[in-house]
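S.K.: Per my numbering, the sequence shown runs over residues 66 to 253.
Structure in structure tokens, see below.
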Amino acid sequence: MNIHESQREMRSAFLGGFAGQLVSGLIWFAASGISLWGTPRYGMAALFFGSMLIFPLTQLTVRLMGRPGRVSPENELWPLGSQVAFTVPLNFLLVGAATLYREHWFFPAAMIVVGTHYLPFITLYGMKLFGILAGLLVVIGVGLALYGPDVFSLGGWITAMLLAAFAFLGRYLVLLEEKRNETKLSHP
Numbered sequence: 066m067n068i069h070e071s072q073r074e075m076r077s078a079f080l081g082g083f084a085g086q087l088v089s090g091l092i093w094f095a096a097s098g099i100s101l102w103g104t105p106r107y108g109m110a111a112l113f114f115g116s117m118l119i120f121p122l123t124q125l126t127v128r129l130m131g132r133p134g135r136v137s138p139e140n141e142l143w144p145l146g147s148q149v150a151f152t153v154p155l156n157f158l159l160v161g162a163a164t165l166y167r168e169h170w171f172f173p174a175a176m177i178v179v180g181t182h183y184l185p186f187i188t189l190y191g192m193k194l195f196g197i198l199a200g201l202l203v204v205i206g207v208g209l210a211l212y213g214p215d216v217f218s219l220g221g222w223i224t225a226m227l228l229a230a231f232a233f234l235g236r237y238l239v240l241l242e243e244k245r246n247e248t249k250l251s252h253p
């Protein structure tokens, strides 16, 4: 299996990362709401502990959508996905350090961590769309930390909206690709 076949299988099995981004977006929405209507500390805890549920909830969502949620043993990209998943909790140590310095940096720092985590998805799925998402999260995160208003949950709301929007955009692109491939197979 070559790299393009492996990427195509990843896109199809996980619908271009749709479920993972949607689940992540919902967790960011919840954490932002808890930060706004509860306390920032509860919102931080919601994002941190809620993020631990991303993989199992993604697997459940993918399977409910009729996708396999796994790839063939020949697909050598699977380990990359597993490795990338561990970058966020490990880098949350830096989010914690930034938050100790300035509490309002929690969501912007988390945006930077999640944004950089999406860079390998360009290779994993073969979708440049993830580069745009990564860039937006990092640039907006830095901008909010350095120049943003003193609104604790703002970065959380922005991230939630970006994740949800890119989830549906990625899903659309993969479904379009699959439809084109079906058309090619049925009309050689």
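All C-beta atoms, glycine included, are put in the ideal place defined by N, C-alpha and C.
Bear in mind the structure is a predicted one, so any value in this text is a computation, not a measurement.
Could you tell me if F114 is buried or exposed, where buried requires 16 or more neighbouring beta carbons within 10 angstroms of its beta carbon?
M.R.: In the sequence shown, the residue the question calls residue 114 occupies position 49. The residue in question, F114, is exposed, as its Cβ has fewer than 16 Cβ neighbours within 10 Å.
S.K.: Based on Cα-Cα distance, which residue from A78, K244, W222 and H182 lies nearest to F172?
M.R.: Start at 1 with the first residue of the sequence shown, and residue 172 comes out as number 107. Ranking A78, K244, W222 and H182 by Cα distance to F172 puts W222 first.
S.K.: Counting Cβ pairs closer than 8 Å, one from the region 155-174 and one from the region 183-197, do we hit at least three?
M.R.: no
S.K.: Taking the straight line between their C-alpha atoms, what separation do you get for L227 and G90?
M.R.: Taking the first residue of the sequence shown as 1, we reach residue 227 at position 162. Taking the first residue of the sequence shown as 1, we reach residue 90 at position 25. Going by the C-alpha atoms only, they are around 8 Å apart.
S.K.: Helix or strand or just coil, what does DSSP make of G206?
M.R.: Sequence index remark: in the sequence shown, residue 206 carries index 141 (1-based). G206 falls in the helix class under three-state DSSP.
S.K.: With a floor of 3 residues, list each beta strand (DSSP E) that falls wholly inside the region 160-214, ordered by position along the chain.
M.R.: none
S.K.: Using DSSP with H/G/I as helix, E/B as strand and the rest coil, what is P154?
M.R.: Position 89 of the sequence shown, counted from the start, is the residue given in the question as residue 154. Here P154 sits in helix by DSSP.
S.K.: Please identify the residue among K249, N67, A84 and L241 whose C-alpha is closest to the C-alpha of R132.
M.R.: Here residue 132 refers to the residue found at position 67 of the sequence shown. Residue A84 is the option with its Cα nearest to R132.
S.K.: Touching or not, the region 187-200 and the region 140-160, by the rule of three or more beta carbon pairs under 8 Å?
M.R.: yes
S.K.: If I follow the unbroken alpha helix (DSSP H) through M75, where does it start and stop?
M.R.: Here residue 75 is taken as the residue at index 10 of the sequence shown, counted from 1. Unbroken alpha helix (DSSP H) run through M75: I68 to F79.
S.K.: Have a look at I92 and Q72 and give me their C-alpha separation to the nearest angstrom.
M.R.: In the sequence shown, residue 92 corresponds to position 27, counting from 1. In the sequence shown, residue 72 corresponds to position 7, counting from 1. One C-alpha to the other measures close to 27 Å.
S.K.: Can you tell me which of L118, L125 and L238 puts its alpha carbon nearest to the alpha carbon of F195?
M.R.: Taking the sequence shown and counting its residues from 1, one reaches residue 195 at position 130. When only C-alpha atoms are compared, the closest one is L238.
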